[in-house]
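Notes follow once the structure below has been shown.
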Amino acid sequence: MRHRVMVLGAAVLALVLGGVGLAFRLWLRPSAWGYGAPARGDHVLAAGSSVGDGDQYVVVLDLGNPANVLARFRGERPLWSPDGALLAFSRADNRGVTQIGIWDSRTRRARMITTHAAMAWHNSWSPEGDRLYYGTQSGGWEPHWLQVWSVEAATRAVKHLSVGDRGESTPLASPDGKLIAFDRARSRGDAWGPRDVWTMTRDGGNRHRLTTARDFGTERAWSPDGQWVYYTSSEGASSAALAKLAKWAYHPGRPGSREGIARLLGGTETLLSIYRVRPDGAGRQVVVEGHPVAQMARCAPQGGLICYVVPGVSGSADVWVARMDGSAPRKVSMSATHNFGPVWSPDGATLAWLRAGTGPDSGVVVHGLASGRETVVAHNDAQAIYTSVDWRPPMQTKQPNG
Numbered sequence: 001m002r003h004r005v006m007v008l009g010a011a012v013l014a015l016v017l018g019g020v021g022l023a024f025r026l027w028l029r030p031s032a033w034g035y036g037a038p039a040r041g042d043h044v045l046a047a048g049s050s051v052g053d054g055d056q057y058v059v060v061l062d063l064g065n066p067a068n069v070l071a072r073f074r075g076e077r078p079l080w081s082p083d084g085a086l087l088a089f090s091r092a093d094n095r096g097v098t099q100i101g102i103w104d105s106r107t108r109r110a111r112m113i114t115t116h117a118a119m120a121w122h123n124s125w126s127p128e129g130d131r132l133y134y135g136t137q138s139g140g141w142e143p144h145w146l147q148v149w150s151v152e153a154a155t156r157a158v159k160h161l162s163v164g165d166r167g168e169s170t171p172l173a174s175p176d177g178k179l180i181a182f183d184r185a186r187s188r189g190d191a192w193g194p195r196d197v198w199t200m201t202r203d204g205g206n207r208h209r210l211t212t213a214r215d216f217g218t219e220r221a222w223s224p225d226g227q228w229v230y231y232t233s234s235e236g237a238s239s240a241a242l243a244k245l246a247k248w249a250y251h252p253g254r255p256g257s258r259e260g261i262a263r264l265l266g267g268t269e270t271l272l273s274i275y276r277v278r279p280d281g282a283g284r285q286v287v288v289e290g291h292p293v294a295q296m297a298r299c300a301p302q303g304g305l306i307c308y309v310v311p312g313v314s315g316s317a318d319v320w321v322a323r324m325d326g327s328a329p330r331k332v333s334m335s336a337t338h339n340f341g342p343v344w345s346p347d348g349a350t351l352a353w354l355r356a357g358t359g360p361d362s363g364v365v366v367h368g369l370a371s372g373r374e375t376v377v378a379h380n381d382a383q384a385i386y387t388s389v390d391w392r393p394p395m396q397t398k399q400p401n402g
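Under the working numbering, think of the first position of the sequence shown as 1, with each following residue one higher.
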C-alpha cells in the first residue's frame, strides 16, 4: 500500500511539473503497479524492444486489454514454447556475451540456461517443449565458428549437434520432433557464402542435403504436417551473386528495399523465390516467384496458408499471404512502409508483425485476415522500438503420468 501511495505521489508531481503525458506514463508503468492478471493464451503477444539507452527488453502484452502489460524484463527475441508456459529469450551476460534464458509464465521468473564462451541464439523449441535448438557464433566469419546445439530446459544439459568444419546454424525442429532442418556452409573457407539446407535427426545423425548446387537456402519453415520444408533461395544465379545474397540474408543490417539489394548485387536484381522440398530432398517445387525478393515463409498452424514479406521501393516492404502451394497470393499489409517479421496467431486467423518508424501506425501490428482490420497494439516511440514479436499458444495443463 505504501508503495502505491508513493507511485500516486510521483504521478501527481509529474502532472504538476511535466504535464499529463508524463504522469500518465508513470501511472501505467508495470513496475509501479505490478503486472496484470493472466490472459487467454491466444490473446498474448511477446515483443522484443530496444529502448533509448540501448538496452533490450521483452514485453508480454494482453491483446484483450493492451494496457495490461503482463511482464517486462531485460532480453530480446522472445519465442514461446509449444505449450505456452515458457518464453525463451536472449540476453547478454556480465561478459557481454549473448546467452539464452527462459521466462516461466506461471512463476513469472526468468533464468539463464546457457553459459557458452560464444554468442548463443535460440531458433526453435522441440514440439514437447522440453528443449531448445540453437546456434552459436564465436566471433568470426570462418565456418567452424558457427555451431548447432540443443539444451534441455529443465536440466540445462547441452548437446553438440554440428559435424565437421563447415559452419552450421539456425536449427528448426520438425512438428513431430524427429528431424531438424538447418543450414550449412557449402565452402570450408566462407561461412557466409552460399549455404545449403539440410535435415538431420534430433541427435545430429542421418543427414540429408535438400538444396541443389545452383541455389542456396535460408529462412526455413516446416509445414504443420511435417511433409515439406519451405525455404528462400535463388536458383540459376552466378556463384558471385549467390555469395552476395547469402551475406545479405544473414546480415543484421541488410537493406530492405529493391534499390538497396540491387546496389549490393552491383546494380542487378537477382530474384529470390520461396521453394519447398520433402524432408528427404525429393519433390522440390517453386512456391512463390516473380518478386525481386521474397522472405520469411511461415506456415499457418493449421496449414492452408503461408505468409511472407516482399520488399518494395524506397525502403518499404509488404506482408503477403498465399495458399501452401503459392496460389492465390494477396498483399495484406495496409501501410506503405517497412513491414516485417510476420507471425501467425494460434488459430491461423490473425497475423502480427512489426512496422518500422516512429509514426502513429508504427510498432506491433495485428491484422485479422477475414475482417481486414489492422490495429497497432504497441507503438514505437522515442522510448522503445519494437524489433521482434511472437504469439503465445494456448496454455496447456499437463496431466500426471499414470
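For every residue, glycine included, the Cβ atom is placed at its ideal position computed from N, Cα and C.
Proximity of residue i and residue j at Cβ, strictly below 8 Å
i, j, result
"residue 320", "residue 330", "yes"
"residue 335", "residue 361", "yes"
"residue 307", "residue 351", "yes"
"residue 79", "residue 125", "yes"
"residue 102", "residue 92", "no"
"residue 288", "residue 326", "yes"
"residue 234", "residue 272", "yes"
"residue 363", "residue 378", "yes"
"residue 77", "residue 89", "yes"
"residue 341", "residue 353", "yes"
"residue 175", "residue 228", "no"
"residue 315", "residue 224", "no"
"residue 154", "residue 138", "no"
Contact set for residue i: own chain, Cβ-Cβ below 7 Å, skip 5 residues either direction
i, result
"residue 178", "201, 202"
"residue 380", "357, 358, 362, 363, 386"
"residue 120", "98, 99, 100, 114, 134, 136"
"residue 301", "224, 344, 346, 348"
Separation of residue j from residue i, as counted between CA atoms
i, j, result
"residue 194", "residue 186", "6 Å"
"residue 366", "residue 376", "6 Å"
"residue 393", "residue 87", "11 Å"
"residue 218", "residue 232", "5 Å"
"residue 371", "residue 159", "45 Å"
"residue 198", "residue 75", "30 Å"
"residue 310", "residue 208", "29 Å"
"residue 123", "residue 373", "30 Å"
"residue 286", "residue 322", "13 Å"
"residue 283", "residue 135", "28 Å"
"residue 295", "residue 204", "27 Å"
"residue 196", "residue 98", "26 Å"
"residue 146", "residue 43", "36 Å"
"residue 57", "residue 338", "22 Å"
"residue 279", "residue 212", "14 Å"
"residue 116", "residue 328", "45 Å"
"residue 390", "residue 206", "31 Å"
"residue 162", "residue 94", "27 Å"
"residue 332", "residue 81", "27 Å"
"residue 355", "residue 65", "21 Å"
"residue 54", "residue 83", "32 Å"
"residue 169", "residue 324", "25 Å"
"residue 73", "residue 127", "25 Å"
Counterpart residues of residue i in DSSP-defined beta bridges
i, result
"residue 128", "Beta-bridge pairing links residue 128 to no other residue."
"residue 374", "367"
"residue 56", "50"
"residue 159", "150"
"residue 122", "134"
"residue 285", "276"
"residue 353", "365"
"residue 80", "87"
"residue 383", "Looking at the DSSP assignment, residue 383 forms no beta bridge with any residue, so it has no partner."
"residue 103", "87, 110"
"residue 390", "46"
"residue 234", "None; residue 234 has no bridge partner."
"residue 209", "198"
"residue 165", "Its beta-bridge partners do not exist; DSSP assigns none."
"residue 222", "229"
Beta-carbon contacts of residue i that lie in its chain and below 6 Å, excluding the five residues immediately before and after
i, result
"residue 60", "46, 70, 71"
"residue 384", "49, 51"
"residue 171", "123, 133, 148, 180, 182"
"residue 305", "321"
"residue 226", "174, 175, 176"
"residue 281", "208, 210"
"residue 456", "No information on residue 456 is available, as it lies outside the stretch 1 to 402 that the chain covers here."
"residue 277", "210, 229, 284"
Close-in-space but distant-in-sequence residues of the same chain around residue i (CB under 8 Å, 5 per side omitted)
i, result
"residue 253", "Residue confidence is low: residue 253 scores 43 on pLDDT, short of 50, so the model does not pin down where it sits. No coordinate-derived value is stated."
"residue 85", "104, 105, 106, 129, 395, 396"
"residue 151", "100, 113, 114, 131, 132, 134, 157, 158, 159"
"residue 96", "none"
* Asked: Which ranges does the beta strand (DSSP E) cover as unbroken runs of at least 3 residues, wholly within the region 290-346, from first to last along the chain?
  -> 295-299, 305-311, 317-323, 339-344
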